[in-house]
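What follows is a short report on a single structure.
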Amino acid sequence: MLEISVRKVAQVALMARELGRAEGELRGFIDTLTEEEATSLVAVMWIGRDSFSADELEAAIATAANEATTPASEYLIGTPLLADHLEAGLEALGLSASEEEDDLMRP
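Mind the numbering: the sequence shown is residues 2 to 108 in the numbering used here, read in order.
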């Protein structure tokens with residue numbers, strides 16, 4: 002079971018698209034996530050880049066928890082195409098970040 006809301010994943014994806022000017026914000030946001038949320042976020046990214054399938058969500062979460070050697074923010078910010086992988090991971094899980102991203106971008 003995913004332990005992070007689609008809205009939070011969408012927020013990370015939006016900030017990741019603006020990494021040049023929002024890295025500090027992104028790092029701060031990820032650092033405030035609970036351990037469960039952070040491991041779910043990593044798992045969604047892994048599913049999006051095809052390291053795991055959507056059917057392997059629980060295994061991806063367990064692997065993210067067991068193999069975490071650096072803070073999630075360091076690991077994720079260093080991941081090329083982070084936003085794309087997060088969005089693809091949500092889609093593979095039958096979820097969509099589109100509405101949440103649109104809502105987050107409204108003033």
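Note that CB positions come from ideal geometry on N, CA and C, so glycine has one too.
Keep in mind it's a predicted model, so treat the numbers as computed, not measured.
Item to check | C-alpha gap between Thr35 and Ala73, whole angstroms | outcome: As a first step, residue 35 is located in the sequence shown; it is residue number 34 there, counting from the start. As a first step, residue 73 is located in the sequence shown; it is residue number 72 there, counting from the start. Going from the Cα of Thr35 to the Cα of Ala73 covers about 11 Å.
Checklist entry - Is Trp47 closer than 9 Å to Thr64 when the C-beta atoms are compared? => result One-based indexing of the sequence shown puts residue 64 at position 63. One-based indexing of the sequence shown puts residue 47 at position 46. Yes, the Cβ-Cβ distance between Thr64 and Trp47 is below 9 Å.
Next on the checklist: Applying the 10 Å Cβ sphere with the 16-neighbour rule, what's the burial state of Gly25?
Outcome noted: Counting from 1 along the sequence shown, the entry for residue 25 is found at position 24. Its Cβ having fewer than 16 others within 10 Å, Gly25 is exposed.
Next on the checklist: So within the stretch 45-87, which uninterrupted alpha helix (DSSP H) runs reach at least 4 residues, ignoring any that extend past its ends?
Outcome noted: Here the runs fully enclosed are 58-67 and 73-78.
Item to check | Contact check, Ala44 vs Ile62, beta carbons under 9 Å | outcome: Residue 44 sits at position 43 when you count from the first residue of the sequence shown. Residue 62 sits at position 61 when you count from the first residue of the sequence shown. Yes, they are a contact pair.
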